[in-house]
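full-length UniProt numbering puts the first residue of the sequence shown at 1, with every later residue one more than the last. Just so you know, even glycine gets a beta-carbon here, dropped at the ideal spot from N, CA and C. For clarity, every value in this text was computed on a predicted model and none was experimentally measured. Reading through the structure tokens given below for one structure.
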Amino acid sequence: MVKGIGRMGPNRPRKRRNHSSPTRTRPLASSGFDPTPSASRPSTLSPTGVSVLDRHLVTEEVSIDFFEKLRISPDSDNNPRSFPYNVKQQCWEKAEKVRGRDPDRWRRDPLGNTVFRKLVGCPGCLCHDYDHIVPYSKGGKSTLENCQVLQATVNRSKGNRTEISRADLIQKSSYCRVSGRDMDLLELSAYGNVRRGQDSGGCRIQ
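This is the structure:
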């Protein structure tokens with residue numbers, strides 16, 4: 001075979017790639033990179049010789065200063081909207097006892113309505129709430145002195161009114177006749193046993 005003659009034919013000039021063709025530029029907006037030289041960009045920190053570590057420290061100091069200015073009002077700390085757990089426990093204990101029943105499970109509200117400890121915030125006649133005697137919206141404190149166990153239906157009707165009379169609240173009560181047998185069944189369902197009060201004089205059902 002003659003030199004210079006290959007498969008492509010005799011000494012054909014090869015096409016040279018044009019390296020001077022403009023290269024494609026990718027958009028940089030989505031990456032967040034600013035193509036402007038750093039020397040031409042205005043500096044936001046002073047002095048100009050701040051390192052990356054110093055910038056982090058400046059940011060941290062600004063954040064600490066910002067959060068130190070966020071102060072929770074003393075009223076929200078000293079007077080929460082809901083009664084604390086220990087206040088609810090003592091509020092239950094100061095309510096009237098139900099004769100013949102375990103006082104840890106049954107009580108009466110100031111209107112004479114029987115309530116069951118496991119039923120809280122529901123609309124039934126045995127359900128109860130921990131009520132602010134002086135409404136919270138009118139300056140009432142979430143303290144034991146301002147707490148009472150109240151049938152939930154009555155508490156909803158009372159709202160934040162202070163001028164409502166006892167007779168009106170009694171009319172708002174949800175009345176239901178609950179026998180001792182009904183109480184036993186509720187205790188069995190909620191606690192798995194039945195406990196009598198010390199003043200019952202009856203047998204204890206397990």
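Bounding residues of the beta strand (DSSP E) (the contiguous stretch that carries residue i)
i: residue 150; result: 147 to 151
i: residue 117; result: Per DSSP, residue 117 belongs to no beta strand (DSSP E) and is neither H nor E.
i: residue 131; result: 128 to 132
Per-residue burial, residue i [other beta carbons within 10 Å of its own, 16 or more giving buried]
i: residue 95; result: buried
i: residue 158; result: buried
i: residue 155; result: buried
i: residue 125; result: buried
Alpha helix (DSSP H) segment containing residue i, residue limits
i: residue 184; result: 180 to 191
i: residue 166; result: 166 to 172
i: residue 85; result: 85 to 94
Inter-residue Cα distance where the pair is residue i and residue j
i: residue 198; j: residue 112; result: 20 angstroms
i: residue 98; j: residue 183; result: 11 angstroms
i: residue 178; j: residue 89; result: 24 angstroms
i: residue 100; j: residue 147; result: 25 angstroms
i: residue 128; j: residue 91; result: 12 angstroms
i: residue 195; j: residue 115; result: 16 angstroms
i: residue 123; j: residue 143; result: 25 angstroms
i: residue 136; j: residue 81; result: 7 angstroms
i: residue 235; j: residue 193; result: Beyond the ends of the chain as shown, which are 1 and 206, falls residue 235; an answer cannot be given.
Assigned secondary structure, residue i (DSSP; H/G/I helix, E/B strand, else coil)
i: residue 7; result: Confidence in residue 7 is poor, its pLDDT being 49 and thus under 50, which makes the residue's placement too unreliable to answer from.
i: residue 175; result: coil
i: residue 156; result: helix
i: residue 109; result: coil
i: residue 138; result: helix
Next on the checklist: Does the contact criterion of 3 or more C-beta pairs under 8 angstroms hold for the region 158 to 176 versus the region 125 to 133?
Outcome noted: Touching, yes, given that three or more Cβ pairs across the two stretches are closer than 8 angstroms.
Item to check | Segment contact, 8 angstroms Cβ cut-off, at least three pairs: the region 105 to 121 with the region 166 to 182 | outcome: yes
Checklist entry - Taking three-plus beta-carbon pairs below 8 angstroms as touching, is the region 180 to 190 in contact with the region 99 to 107? => result yes
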